[in-house]
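In my numbering, the protein residues as written are 743 to 957.
In this text, a Cβ means the ideal position worked out from N, Cα and C, and glycines have one as well.
Shown next as structure tokens:
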């Protein structure tokens, strides 16, 4: 097997993320029940709809106001919702450039328009770019394609649109269910754990594949 393609998740793989920061931000605004609405592992259905681009930003904010029982302003909602988004280390960005020379690289992210707008401003300020997609052959965002991981269809979309062979493709994600779907479709997978760096994990994977081919 020759590795030709690498598909990356965004949050906790490329951009550092802390869901607790969003919970704390909402709690500071008086929201008492945020954990019952949204955690890393389970969310109220309207979060899923928003990630898939099936409801607008206005509808998302309206759902949040209804669910929390508080008349939160658009600005406060967006600020709290974006609080989880942290930073992208410069060395990670440099490594993405390096990988792009040798592999077809893709981004496959469950995300929404509020987060994308915030990240766009961050990228402009820190890296003088508005969209990280230029670091990849192509970027796929759930809110733009109407489906999200771990749905098999979103993985198949990436594979089929780009004529990728699963056995020549590596997928990195911090979610076990997403990794499970990719594995089921025949891709090589890396489940990213806290503290893992994409550069180390990919180099380890490539070294392990070379060992396998020698035996």
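Check	Outcome
Same chain, Cβ closer than 8 Å to residue 851, five either side skipped, listed in chain order	751, 752, 753, 881, 882, 883 and 884
Identity of the residue in 828, 937 and 796 nearest residue 758 by Cα	828
Cα-Cα separation, residue 795 to residue 953	43 Å
For residue 866: DSSP bridge partner residues	DSSP lists no partner for residue 866.
Contacting residues, own chain, Cβ-Cβ under 8 Å from residue 873 (five flanking each side not counted)	862, 865 and 881
Residue 825 - DSSP class collapsed to helix/strand/coil	coil
Rounded separation between residue 746 and residue 925 - CA only	16 Å
Reduced DSSP category for residue 883 - H, G, I as helix; E, B as strand; rest coil	strand
Cut-off 8 Å between Cβ atoms - residues of its own chain near residue 768, not counting five sequence neighbours on either side	776, 810 and 822
CA nearest to the CA of residue 921, picked from 879, 817, 933 and 947	933
Alpha helix (DSSP H) segment containing residue 786, residue limits	Where residue 786 is concerned, there is no enclosing alpha helix (DSSP H), given that its DSSP letter is neither H nor E.
Assigned exposure category for residue 919 - 16 Cβ within 10 Å defines buried	exposed
Extent of the continuous beta strand (DSSP E) to which residue 915 belongs	911-915
Proximal residues to residue 860 (C-beta, below 7 Å), its chain only, five neighbours per side dropped	824 and 827
Per-residue DSSP class, three states only, for residue 853	coil
Cross-strand partners of residue 904 (DSSP beta bridge)	Note: residue 904 sits in no beta bridge, so no partner.
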